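**Q** Before we start, here is the structure in question, set down as structure tokens.
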Amino acid sequence: MSGRRRTVIAVAAAVILVAPLAFLWQRSLLPSSMSAMDMGYVDAGGGAAMPAGHHHQERSVSDLAGPRNRPPDFRIELVARKERFDVPGVGQVDGFTLNHRSPGPEIRVREGQLVQVTLVNESVPDGATLHWHGVDLPNAEDGVAGVTQDAVRVGQRFEYRFVAEHPGTYWYHSHQVSHEQVKGGLLGPLVILPRTAGAETDTVALLHSYDKHRTVSGRNGEQHVTAPAGRTVRVRVINTDAGPVRAWVSGASYRIQSVDGRDVHEPGELRDTATLVTAGGRVDLLLTVPSNGAARVGLGGGGVSLVVGPEGTTAPADADPGPTVDLLGYGTPAPLGFDPARASRSFRYDIGRRPGFVAGQPGLFWTINGHLFPDMPMFTVTEGDVVRMTIKNHSGQVHPMHLHGHHVLVLSRNGTAATGSPWWTDSLNVADGESYEVAFVADNPGIWMDHCHNLPHAAQGLVAHLMYTGVSTPYRVGEDHDNEPE
Amino acid sequence: MRATYRVLAGLIALGVVAQAAFIAAAWFGVIKDIDDGAVLDKNYEGNLGHALHFIVGEGVIPLLALLLLIVSFFAKVPGGVKWALIVFGVVVLQIALAFLSFGVPGVGALHGINAIALLSVALVAARRAAAPAPASAAAGEPAAEATL
Numbered sequence: 001m002s003g004r005r006r007t008v009i010a011v012a013a014a015v016i017l018v019a020p021l022a023f024l025w026q027r028s029l030l031p032s033s034m035s036a037m038d039m040g041y042v043d044a045g046g047g048a049a050m051p052a053g054h055h056h057q058e059r060s061v062s063d064l065a066g067p068r069n070r071p072p073d074f075r076i077e078l079v080a081r082k083e084r085f086d087v088p089g090v091g092q093v094d095g096f097t098l099n100h101r102s103p104g105p106e107i108r109v110r111e112g113q114l115v116q117v118t119l120v121n122e123s124v125p126d127g128a129t130l131h132w133h134g135v136d137l138p139n140a141e142d143g144v145a146g147v148t149q150d151a152v153r154v155g156q157r158f159e160y161r162f163v164a165e166h167p168g169t170y171w172y173h174s175h176q177v178s179h180e181q182v183k184g185g186l187l188g189p190l191v192i193l194p195r196t197a198g199a200e201t202d203t204v205a206l207l208h209s210y211d212k213h214r215t216v217s218g219r220n221g222e223q224h225v226t227a228p229a230g231r232t233v234r235v236r237v238i239n240t241d242a243g244p245v246r247a248w249v250s251g252a253s254y255r256i257q258s259v260d261g262r263d264v265h266e267p268g269e270l271r272d273t274a275t276l277v278t279a280g281g282r283v284d285l286l287l288t289v290p291s292n293g294a295a296r297v298g299l300g301g302g303g304v305s306l307v308v309g310p311e312g313t314t315a316p317a318d319a320d321p322g323p324t325v326d327l328l329g330y331g332t333p334a335p336l337g338f339d340p341a342r343a344s345r346s347f348r349y350d351i352g353r354r355p356g357f358v359a360g361q362p363g364l365f366w367t368i369n370g371h372l373f374p375d376m377p378m379f380t381v382t383e384g385d386v387v388r389m390t391i392k393n394h395s396g397q398v399h400p401m402h403l404h405g406h407h408v409l410v411l412s413r414n415g416t417a418a419t420g421s422p423w424w425t426d427s428l429n430v431a432d433g434e435s436y437e438v439a440f441v442a443d444n445p446g447i448w449m450d451h452c453h454n455l456p457h458a459a460q461g462l463v464a465h466l467m468y469t470g471v472s473t474p475y476r477v478g479e480d481h482d483n484e485p486e
Numbered sequence: 001m002r003a004t005y006r007v008l009a010g011l012i013a014l015g016v017v018a019q020a021a022f023i024a025a026a027w028f029g030v031i032k033d034i035d036d037g038a039v040l041d042k043n044y045e046g047n048l049g050h051a052l053h054f055i056v057g058e059g060v061i062p063l064l065a066l067l068l069l070i071v072s073f074f075a076k077v078p079g080g081v082k083w084a085l086i087v088f089g090v091v092v093l094q095i096a097l098a099f100l101s102f103g104v105p106g107v108g109a110l111h112g113i114n115a116i117a118l119l120s121v122a123l124v125a126a127r128r129a130a131a132p133a134p135a136s137a138a139a140g141e142p143a144a145e146a147t148l
């Protein structure tokens with residue numbers, strides 16, 4: 001072979017090798033300004049697709065706001081700061097606070113009240129927002145930077161207003177650079193009490209890990225909830241962490257009163273059985289203080305637990321019992337309020353993982369229906385649609401899937417139909433190899449994130465949106481706008 | 001070019017050694033963290049050892065393997081393209097094994113064994129380039145090329 005010919009072949013081979021990689025890398029670069037409405041491709045789920053901009057009755061996200069025409073029944077101002085603070089049992093931590101606390105103040109309101117929360121950003125350099133996790137509120141109050149509002153810059157304020165419609169346990173957190181801000185503690189609990197309160201003792205157990213140490217309501221170690229023998233106690237477990245946490249009770253039996261802010265119908269008594277609390281999810285445990293001491297709620301190990309009983313009492317620290325209650329068959333059936341069989345749209349949300357480039361970075365990335373971020377499906381619906389979605393995970397890791405603005409009903413897992421109480425959820429633990437079929441009514445127009453609540457996963461691109469036809473957003477993500485919801 | 005080939009192959013071998021060091025240090029660090037009261041769950045994003053293992057494993061070594069393959073087209077190392085392809089293939093396999101191991105941890109054992117394979121083939125490639133070029137190729141090349 002002549003030297004020249006050899007060189008030509010070598011150059012050609014090098015080009016064949018490098019060109020596709022260069023092409024994929026170049027294509028993965030993100031524009032500095034991007035709308036959620038252009039993030040991927042329209043997936044109409046078998047229904048009519050009428051993307052925003054082509055609709056006769058165009059509405060903006062900012063028009064879909066909570067009531068502004070009357071004074072609120074409850075108001076609070078939350079001042080966000082980046083600062084160093086003490087976590088009892090852990091030590092000094094660099095993170096984020098609301099009113100100098102992390103977790104932020106417990107917001108406790110009553111069903112039907114108009115709630116007004118003013119977020120003031122004093123010193124969070126990247127800006128911040130507040131998302132009301134699990135609350136199906138009007139879209140403009142959803143607190144997603146670049147989708148439903150601009151991030152609140154240092155020195156700015158933003159007013160959230162919504163009616164506390166559905167009693168239950170929720171939480172709030174920043175949805176701007178959320179994988180850092182939530183981890184750093186920019187979050188807090190939200191409880192909506194029913195109009196007529198029960199006689200039970202009611203306590204929040206918000207789980208969060210600071211600097212690799214788990215805490216319950218901001219403290220590491222054992223905590224005591226004082227309640228007399230025979231008293232019914234509701235423990236509202238909130239998992240603000242990135243992965244599932246197991247909760248169990250020793251020294252008493254318990255019931256799961258509610259999941260993700262929706263009551264379980266006729267919950268059965270549980271003993272020596274743990275409950276899985278999805279990342280982002282909430283579970284209300286109901287237990288009765290035993291006559292001979294106290295009960296203990298184990299919360300994922302790591303030395304974090306809640307002792308519930310009269311002052312000075314303690315309870316054995318039993319290990320995780322092992323078995324986990326399956327919500328698919330827990331409780332008894334009740335009317336659903338809609339017919340999942342009459343679905344007008346059906347979507348698939350397949351989670352995979354493959355090597356590639358995202359934003360110019362090579363790596364292993366999560367895929368939705370085979371696509372890499374930002375080429376994601378835009379699940380398009382019309383108000384009133386009954387929607388079915390099959391969420392399938394073959395990515396090798398668990399994903400807590402969180403749909404904003406809606407609760408979904410679990411129909412089946414791996415083909416096994418639900419037989420218990422209607423299982424409404426907003427944060428669903430989809431383990432590797434699992435496939436869930438869920439259904440919901442599209443009754444809350446807007447542009448809603450539908451993403452993995454392991455927030456570093458979301459930052460790696462595991463994010464899609466549920467879009468209502470005729471709704472558009474004036475907000476944009478990208479460095480031009482300093483909006484980065486993940 | 002021969003020297004470049006040799007250096008790249010050598011760097012890949014060195015990378016494998018570094019990877020073994022990083023990942024061992026990383027997991028001893030985890031054990032220490034747990035002793036200090038840390039909770040190992042989905043929040044745990046690893047330590048410096050994990051981060052370096054990720055950067056070198058998913059960034060540096062694949063890039064070196066790609067460069068080795070490109071250089072092999074020009075380097076006139078006997079069997080150079082073949083060995084560069086083998087190195088590249090073993091790197092791809094190594095990443096695939098790592099990926100599979102998240103779902104099937106037992107596969108992680110193969111990830112460890114394949115690392116030894118990568119070290120071996122990278123050293124073979126480096127040796128190929130170190131050996132004197134066959135007369136036919138050497139005759140057509142300036143002497144300086146060999147010591148580049």
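Those protein sequences? They're chains P and D, same order as listed.
Counting in this note's numbering, the first sequence runs from 1 upward without gaps.
Counting in this note's numbering, the second sequence runs from 1 upward without gaps.
From the three backbone atoms N, C-alpha and C, an ideal C-beta is built for every residue, glycine too.
Predicted model only: the values in this text are computed from it and were never measured.
1) Using only CA atoms, which one of Gln26(P), Gly155(P), Ala317(P) lies nearest to Ala294(P)?
2) Take Thr226(P) and list the residues in its own chain whose beta-carbon comes closer than 6 Å to its own, dropping the five residues that flank it on each side.
3) Let me know if Leu466(P) comes out buried or exposed under the rule of 16 or more other beta-carbons within 10 Å of its beta-carbon.
4) With DSSP collapsed to three states, give me the class of Thr169(P).
5) Return yes when the Cβ of Asp150(P) is within less than 8 Å of the Cβ of Gly405(P), no when it is not.
6) So which of Thr390(P), Met39(P), Val61(P), Arg6(P) has the shortest CA-CA distance to Phe373(P)?
7) Roughly how many angstroms separate the alpha carbons of Leu68(D) and Ile16(P), rounded to a whole number?
8) Using beta carbons (cut-off 8 Å, strictly below), is Asn43(D) in contact with chain P?
9) Whose CA, out of Glu106(P), Leu114(P), Thr129(P), Asp482(P), lies closest to the CA of Asn69(P)?
10) Going by beta-carbon coordinates alone, are Ala439(P) and Val358(P) separated by less than 8 Å?
11) For Gly15(D), count the other beta carbons within 10 Å of its own beta carbon; 16 or more makes it buried, fewer makes it exposed. Which is it?
12) Given a cut-off of 8 Å, decide if Val93(P) and Asp241(P) are closer than it, judged by their beta-carbon atoms.
13) Should Gly79(D) be flagged as near chain P, meaning a C-beta pair shorter than 8 Å?
14) Between which two residues does the beta strand (DSSP E) carrying Pro377(P) extend?
15) Can you pull out the residues from the stretch 95-122 of chain D whose beta carbon lies closer than 9 Å to at least one beta carbon of chain P?
16) Could you tell me whether any Cβ in chain D is nearer than 8 Å to the Cβ of Gly356(P)?
17) In the DSSP assignment, what residue or residues form a beta bridge with Ile192(P)?
18) With 8 Å as the threshold, decide whether the Cβ of Ser28(P) is near any Cβ in chain D.
19) Can you name the residues of chain D whose CB is closer than 8 Å to the CB of Leu17(P)?
20) For Gly243(P), which residues in chain D fall below 7 Å Cβ to Cβ?
21) In chain D, which residues lie with their C-beta within 7 Å of the C-beta of Arg214(P)?
22) In the stretch 293-304 of chain P, which residues sit with their C-beta less than 9 Å from some C-beta in chain D, listed in chain order?
23) Which chain D residues are close to Ser209(P), counting only those with a beta carbon under 7 Å from its beta carbon?
24) With DSSP as the reference, label Met37(P) as helix, strand or coil.
25) Can you give the Cα-Cα distance for Val90(P) and Gly184(P), rounded to whole angstroms?
26) What residue range does the alpha helix (DSSP H) around Trp25(P) cover?
27) Closer than 7 Å by beta-carbon distance: list the chain D residues that pair up with Ala14(P), in chain order.
28) Ends of the beta strand (DSSP E) at Val277(P)?
29) The stretch 443-461 of chain P: which residues have C-beta closer than 9 Å to a C-beta of chain D, in chain order?
30) Less than 8 Å between the C-beta atoms of Gly261(P) and His166(P), yes or no?
31) So Val163(P) packs on Asn121(P), CB below 8 Å; how close in whole Å?
32) So is Pro333(P) buried or exposed if we call it buried at 16+ other beta carbons inside 10 Å?
**A** The structure says:
1) Looking up residue 294(P) in the first sequence gives position 294. Shortest Cα-Cα distance from Ala294(P) to any of Gln26(P), Gly155(P), Ala317(P) involves Ala317(P).
2) The count along the first sequence starts at 1 and reaches residue 226(P) at position 226. Close CB contacts of Thr226(P) within its chain, under the 6 Å cut and outside five residues either way in sequence, are with Glu311 (chain order).
3) The residue given as residue 466(P) occupies position 466 in the first sequence. Residue burial is scored here from C-beta neighbours: Leu466(P) has at least 16 other C-beta atoms within 10 angstroms and is therefore classed as buried.
4) Here residue 169(P) corresponds to residue number 169 of the first sequence, with the count starting at 1. Strand.
5) Within the first sequence, residue 405(P) is the residue found at index 405, counting from 1. Within the first sequence, residue 150(P) is the residue found at index 150, counting from 1. No, they are not a contact pair.
6) Your numbering for residue 373(P) matches position 373 in the first sequence. Nearest to Phe373(P) by C-alpha distance, out of Thr390(P), Met39(P), Val61(P), Arg6(P), is Met39(P).
7) In the second sequence, counting from the first residue as 1, residue 68(D) sits at position 68. In the first sequence, counting from the first residue as 1, residue 16(P) sits at position 16. Straight across, the Cα-Cα distance linking Leu68(D) with Ile16(P) is about 15 Å.
8) Along the second sequence, one-based indexing puts residue 43(D) at 43. For Asn43(D), the answer is yes, since a Cβ of chain P falls inside 8 Å of its Cβ.
9) By one-based count along the first sequence, residue 69(P) stands at place 69. Answer by Cα proximity: Leu114(P).
10) Position 439 of the first sequence, counted from the start, is the residue given in the question as residue 439(P). Position 358 of the first sequence, counted from the start, is the residue given in the question as residue 358(P). No, the Cβ-Cβ distance between Ala439(P) and Val358(P) is not below 8 Å.
11) The count along the second sequence starts at 1 and reaches residue 15(D) at position 15. Around the C-beta of Gly15(D), 16 or more other C-beta atoms lie within 10 Å, and the residue is accordingly described as buried.
12) For this step, residue 241(P) is matched to residue 241 along the first sequence. For this step, residue 93(P) is matched to residue 93 along the first sequence. Not a contact, by the Cβ cut-off of 8 Å.
13) Numbered from its first residue, the second sequence carries residue 79(D) at position 79. No - not a single Cβ of chain P is within 8 Å of the one on Gly79(D).
14) In the first sequence, the residue the question calls residue 377(P) occupies position 377. Element bounds for Pro377(P): 377-381.
15) Taking a C-beta cut-off of 9 Å against chain P, the contacting residues of the stretch 95-122 of chain D are Ile95, Ala96, Ala98, Phe99, Leu100, Ser101, Phe102, Gly103, Val104, listed in chain order.
16) Locating residue 356(P) in the first sequence gives position 356, counting from the first residue. Gly356(P) does not count as touching chain D.
17) Residue numbering aside, residue 192(P) sits at position 192 when the first sequence is read from its first letter. Looking at the DSSP assignment, Ile192(P) forms a beta bridge with Val109(P), Gly168(P).
18) Position 28 of the first sequence, counted from the start, is the residue given in the question as residue 28(P). At a cut-off of 8 Å between C-beta atoms, Ser28(P) does not count as an interface residue with respect to chain D.
19) Translated into the one-based positions of the first sequence, residue 17(P) becomes position 17. Counting only Cβ-Cβ distances below 8 Å, Leu17(P) has contacts in chain D at Leu66, Leu69, Ile70, in chain order.
20) As a working mapping, residue 243(P) is identified with position 243 in the first sequence. The answer, in chain order, is Asp41, Lys42, Asn43.
21) Locating residue 214(P) in the first sequence gives position 214, counting from the first residue. Per Cβ cutoff of 7 Å: Val39.
22) Listed in sequence order: Gly300, Gly301, Gly302, Gly303, Val304.
23) Translated into the one-based positions of the first sequence, residue 209(P) becomes position 209. For Ser209(P), the C-beta contacts it makes with chain D under 7 Å involve Val39, Asn43, in order along the chain.
24) The residue given as residue 37(P) occupies position 37 in the first sequence. Helix, per DSSP.
25) Walking along the first sequence from the start, residue 90(P) turns up at place 90. Walking along the first sequence from the start, residue 184(P) turns up at place 184. Cα to Cα, the separation comes out at about 14 Å.
26) Counting from one through the first sequence, the residue named residue 25(P) turns up at place 25. Element bounds for Trp25(P): 3-28.
27) Within the first sequence, numbered from 1, the residue matching residue 14(P) stands at position 14. Ala14(P) reaches chain D at Ile70, Phe73, counting residues in chain order whose Cβ is nearer than 7 Å.
28) Start at 1 with the first residue of the first sequence, and residue 277(P) comes out as number 277. Its beta strand (DSSP E) spans residues 275-277.
29) Answer set for the stretch 443-461 of chain P: Asn454, Pro456.
30) Within the first sequence, numbered from 1, the residue matching residue 261(P) stands at position 261. Within the first sequence, numbered from 1, the residue matching residue 166(P) stands at position 166. Yes, the pair counts as a contact, with Cβ atoms nearer than the cut-off.
31) As a first step, residue 163(P) is located in the first sequence; it is residue number 163 there, counting from the start. As a first step, residue 121(P) is located in the first sequence; it is residue number 121 there, counting from the start. Rounded, the Cβ-Cβ distance is 25 Å, inconsistent with contact.
32) The residue given as residue 333(P) occupies position 333 in the first sequence. It counts as exposed.
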